[in-house]
Amino acid sequence: MARFQNHLSSAFRRNSQKSSAITVESISQSSHIALTSDSEQGLQLLVSGEVTVEVHEQRVYMARLDADLKLHIEYKRPFKSHCNACRNWNHQLASCQLLTQPTTLAYGKHTFPFSALIEGDHPASMETSLISVKYGLATETQFARHGVASLETAKNEHAIIVKPSPPDPRSSQRTVTTVDPITIITHHEPVIDAENSNRFSFELEGLNGSNGAIGDLQSWELDEIKWHIVQTTKTTQPACEKHRLASLSDLGRVMRIRDTQVLAKCGIKDGWALDGTAGNSKANMGFDYTIKNRQPQKDRPGFACDNKWAGGFEISHRLHVWFCLSLERSQSAKKGFAERVMRGSYDVILADPTSKDLDWGPHVPPTYEEVGGSPPDYHDDEP
Numbered sequence: 001m002a003r004f005q006n007h008l009s010s011a012f013r014r015n016s017q018k019s020s021a022i023t024v025e026s027i028s029q030s031s032h033i034a035l036t037s038d039s040e041q042g043l044q045l046l047v048s049g050e051v052t053v054e055v056h057e058q059r060v061y062m063a064r065l066d067a068d069l070k071l072h073i074e075y076k077r078p079f080k081s082h083c084n085a086c087r088n089w090n091h092q093l094a095s096c097q098l099l100t101q102p103t104t105l106a107y108g109k110h111t112f113p114f115s116a117l118i119e120g121d122h123p124a125s126m127e128t129s130l131i132s133v134k135y136g137l138a139t140e141t142q143f144a145r146h147g148v149a150s151l152e153t154a155k156n157e158h159a160i161i162v163k164p165s166p167p168d169p170r171s172s173q174r175t176v177t178t179v180d181p182i183t184i185i186t187h188h189e190p191v192i193d194a195e196n197s198n199r200f201s202f203e204l205e206g207l208n209g210s211n212g213a214i215g216d217l218q219s220w221e222l223d224e225i226k227w228h229i230v231q232t233t234k235t236t237q238p239a240c241e242k243h244r245l246a247s248l249s250d251l252g253r254v255m256r257i258r259d260t261q262v263l264a265k266c267g268i269k270d271g272w273a274l275d276g277t278a279g280n281s282k283a284n285m286g287f288d289y290t291i292k293n294r295q296p297q298k299d300r301p302g303f304a305c306d307n308k309w310a311g312g313f314e315i316s317h318r319l320h321v322w323f324c325l326s327l328e329r330s331q332s333a334k335k336g337f338a339e340r341v342m343r344g345s346y347d348v349i350l351a352d353p354t355s356k357d358l359d360w361g362p363h364v365p366p367t368y369e370e371v372g373g374s375p376p377d378y379h380d381d382e383p
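full-length UniProt numbering applies: residue 1 is where the sequence shown begins, and numbers increase by one.
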């Protein structure tokens, strides 16, 4: 489930194009633009807003005024690298004809509200190493100055961000792993915040004791903890019509790619507490981790939240934690230094914190009551 949100934090997003005769301004209202889930009708995408045409001359002939919602998908590693059609896929999700017939507008502002309800599965906006997903609200008008036969065209488009819905709240998860003689007990949050700190805690038991396999008395010491946040992107890159028809098999019509990216990493060499109980020494600690201040990588896009689209991609995340230990004492160990590295891997859901502030309930198309008498004056004059 996803929801449209505009680049600006205010309730509206505006974009305009001005000519000597008219100014066309499009406004999308974030509170009424959403992709919601309905148990009976499935996914529904509701888009609403208004287009304002300001006429600067005494009279302007309007032949057409349209508003379109567009989806653009770019595959960074397309089925055929040289083919623009394999790389770029454009979809028109909705089109609203705001003028039912050509008309003439008088001097002043004229407001045209619109709304469209779209059903189907739609991806969230994103920019990853394999795929780029962008939405745009475009308006186009054809007009002519009074007394002029030739038509002019005015266009504008502004980007709209579709954010994935926040995942359901989940309680902290506990895992227990034993590699004789050491037991690792960890607690982590299954849903992590992309902008703030996230908590991870652990306890190592049995740092000194008997190795059950050989009955050897050992003493281990924790030297360092390392953690990585890893993002995995999987895509199914489709072939364009030309290359799909040229393929002899279904396997030759798509290309599956997997890419792994380390979003953030850090090493911790102190700060844990030690419990020196005889026969069962322990180490425990809790630390915060975040991807907010990660170093940007050259030629690599930013992170993307967890998302899955039936159209051909999936983005997931894992937290990897390494416990680096050294053997301080062993009855049977030969002279020299022994090390052990124990790794834990945890599935986490990377969520956008700004999605929590959005309204995710189902919506119905808005009704417009007090929009004034605009357009206030219609004439049948031809250019």
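No residue lacks a Cβ here, since even glycine has one placed at the ideal position from N, Cα and C.
Supposed contact pair residue j and residue i - C-beta distance, whole angstroms, cut 8 Å
i	j	result
Val51	Phe112	5 Å
Val348	Pro167	Not quite, the Cβ-Cβ distance comes to about 10 Å (not below 8 Å), so this is no contact.
Tyr289	Arg318	About 13 Å separates the two Cβ atoms, so there is no contact after all.
Ser125	Tyr135	6 Å
residue 424	Val53	Lying outside 1 to 383, the shown extent of the chain, residue 424 is not represented and no answer is given.
Gln237	Ile257	6 Å
Ala67	Phe114	5 Å
Ile229	Trp322	No, Ile229 and Trp322 are not in contact; Cβ-Cβ is about 13 Å, not under 8 Å.
For residue j and residue i, the rounded distance between their alpha carbons
i	j	result
Ser20	Glu57	9 Å
Arg77	Arg170	35 Å
Tyr61	Met255	50 Å
Arg59	His72	37 Å
Pro123	Phe313	9 Å
Lys242	Trp89	14 Å
Leu137	Ser165	21 Å
Thr175	Thr260	25 Å
Ala273	Ala283	6 Å
Glu205	Ala194	32 Å
Thr177	Arg340	15 Å
Gly302	Asn156	27 Å
Ala264	Glu221	26 Å
Asp180	His188	23 Å
Ser326	Cys86	52 Å
Asn280	Lys308	45 Å
Ser48	Ile118	11 Å
Ala182	Ala304	According to the sequence displayed, residue 182 carries Ile and not Ala. Taking the straight line from one Cα to the other gives about 36 Å.
Val55	Asp352	41 Å
Gln92	Val262	35 Å
His320	Gly286	15 Å
Glu203	Lys80	50 Å
Ala106	Ile22	11 Å
Thr139	Arg145	19 Å
Segment limits, alpha helix (DSSP H) that includes residue i
i	result
Pro245	Per the sequence shown, residue 245 should be read as Leu rather than Pro. Run containing Leu245: Glu241 to Ala246, per the alpha helix (DSSP H) assignment.
residue 385	No answer is possible for residue 385: it lies beyond the span of the chain, which begins at 1 and ends at 383.
Status (buried if at least 16 other CB within 10 Å, exposed otherwise) for residue i
i	result
Lys292	exposed
Thr235	buried
Thr233	buried
Asn84	exposed
Leu46	buried
Asn198	buried
Leu350	buried
Ala246	exposed
Ala338	exposed
Gln173	exposed
Ser219	exposed
Thr153	exposed
Val148	exposed
Thr100	exposed
Asn208	buried
Lys269	exposed
Ser95	exposed
Opening and closing residue of the beta strand (DSSP E) in which residue i lies
i	result
Glu189	No beta strand (DSSP E) holds Glu189; DSSP gives it neither H nor E.
Gly136	Ile131 to Arg145
Leu98	Run containing Leu98: none; DSSP gives neither H nor E here.
His158	Glu152 to Pro164
Asp259	Val254 to Ile268
Arg170	Looking at the DSSP string, Arg170 is not in any beta strand (DSSP E), and its letter there is neither H nor E.
Gly286	Lys282 to Tyr289
Ser20	Ser20 -> no beta strand (DSSP E), and no H or E assigned at all.
Trp309	Asn307 to Trp309
Pro78	Premise fails: Pro78 is in no beta strand (DSSP E) and is neither H nor E.
Gly108	Thr103 to Glu119
The segment 129-142 contacting the segment 61-76, beta-carbon criterion three pairs below 8 Å: yes
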